[in-house]
Every structure is written in C-alpha cells, then in structure tokens.
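S.K.: Just add 14 to the spot in the sequence shown (first one is 1) and you have our numbering.
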Amino acid sequence: MGKPFLTYTQQTRAVADGKPLHSETGYLRVCRPGCVELVLAHPSGITEIEVGTYSVTGDVIELELSTRADGSIGLAPTAKEVTALDRSYRIDGDELSYSLQMRAVGQPLQDHLAAVLHRQR
Numbered sequence: 015m016g017k018p019f020l021t022y023t024q025q026t027r028a029v030a031d032g033k034p035l036h037s038e039t040g041y042l043r044v045c046r047p048g049c050v051e052l053v054l055a056h057p058s059g060i061t062e063i064e065v066g067t068y069s070v071t072g073d074v075i076e077l078e079l080s081t082r083a084d085g086s087i088g089l090a091p092t093a094k095e096v097t098a099l100d101r102s103y104r105i106d107g108d109e110l111s112y113s114l115q116m117r118a119v120g121q122p123l124q125d126h127l128a129a130v131l132h133r134q135r
C-alpha cells in the first residue's frame, strides 16, 4: 500500500439525545519523519487535505495540521463554504485532546471544536 497510514474516523453525537451531529473519515499518512498528511471526506460535501507536523516526546504525541499552506479543501456544489481548517491533536497516555479552527461562510478563522477524551478501560 505504500506509505504508512492510519484509517481515521470521527463521529460526534449530541449528549442530550444521541443524535448524530458530524462525521468524517479518511487517512492519516506519514509523508516523511516529522511530517503528516490528513486526507478526509465529510458527508456534507467537503473534502480536505491537511499537511503538518508530528512530534513524539516520551509518551506524548502531538500533531499540528492545516489546509492553509500546502493543503486544500474541495467543496461539492451544495456544500457550505469552508476556506481554511487547522487541527491540533495531543495524545498523552490515556488522554486525547483535540481542537479545530475553521474559516467558513465569510467568518474569520476561529475556534470551532475542542474536546478532551479519556480512554475507558
């Protein structure tokens, strides 16, 4: 299959009633040491390629990704206008934290999502 990759899927649901809110799926690819590419498709008609860096320090893994430099966003004719995405991930033991910034529908790049998840054993 070529370069190393991880299959990536994220699905979110409303806490109150479990209603699906968002889904995205794709691949996280290591392009060279310290460099990663995230290739995603959304059911809302958006595709994205984010390029960035990763680092490993002890048990901590950190990723910083963006569509703004070498990445890209593709939009289906009915998709909302999204012009930039930045993501950060941090894995520290059993804790995964992430944040997403988005520039869309005429608004500047701003915080859109953030969460801290704890592994259940």
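Built from N, CA and C at the ideal position, the CB exists for glycine as well.
Everything numeric in this text was worked out from a predicted model, so none of it was measured.
Round the Cβ separation of residue 81 and residue 62 to the nearest angstrom and send it over; I've been treating them as touching at under 8 Å.
M.R.: Here residue 81 refers to the residue found at position 67 of the sequence shown. Here residue 62 refers to the residue found at position 48 of the sequence shown. Correct: roughly 6 Å between the Cβ atoms.
S.K.: Looking at residue 104: is its Cβ nearer than 9 Å to the Cβ of residue 75?
M.R.: Position 90 of the sequence shown, counted from the first residue, corresponds to residue 104. Position 61 of the sequence shown, counted from the first residue, corresponds to residue 75. With respect to residue 75, residue 104 sits close: the two C-beta atoms are nearer than 9 Å.
S.K.: What residue range does the beta strand (DSSP E) around residue 12 cover?
M.R.: No answer is possible for residue 12: it lies beyond the span of the chain, which begins at 15 and ends at 135.
S.K.: Pop quiz: residue 136 and residue 79 are said to be a contact at Cβ under 8 Å. What is the actual Cβ separation, rounded to whole angstroms?
M.R.: The displayed coordinates of the chain run from 15 to 135. Any statement about residue 136 would go beyond what the structure contains.
S.K.: Please classify residue 101: does DSSP put it in a helix, a strand, or coil?
M.R.: Along the sequence shown, read from residue 1 onward, the residue named residue 101 stands at position 87. Strand at residue 101.
S.K.: So residue 123 is in the beta strand (DSSP E); what residue range does that whole segment cover?
M.R.: The residue given as residue 123 occupies position 109 in the sequence shown. Here residue 123 belongs to no beta strand (DSSP E), and DSSP marks it neither H nor E.
S.K.: Go through its chain and collect everything with a Cβ distance to residue 127's Cβ below 6 Å, but skip five positions before and after it.
M.R.: Working through the sequence shown from its first residue, we reach residue 127 at position 113. Cβ within range, chain order: 114.
S.K.: Which residues in the same chain have their Cβ closer than 6 Å to the Cβ of residue 90, if we skip the five residues on either side of it in sequence?
M.R.: By 1-based counting over the sequence shown, the position of residue 90 is 76. Cβ neighbours of residue 90 beyond the five flanking positions: 59.
S.K.: Give the single residue among 42, 17 and 32 whose Cα lies nearest to the Cα of residue 23.
M.R.: Counted from its first residue, the sequence shown places residue 23 at position 9. The option with the nearest alpha carbon to residue 23 is 42.
S.K.: I'd like the list of long-range same chain contacts for residue 49, defined as Cβ closer than 8 Å, with 5 residues on each side in sequence excluded.
M.R.: Here residue 49 refers to the residue found at position 35 when the sequence shown is read from its first residue. Closer than 8 Å at the Cβ level, and outside the excluded window around residue 49, lie 65, 66, 67 and 68.
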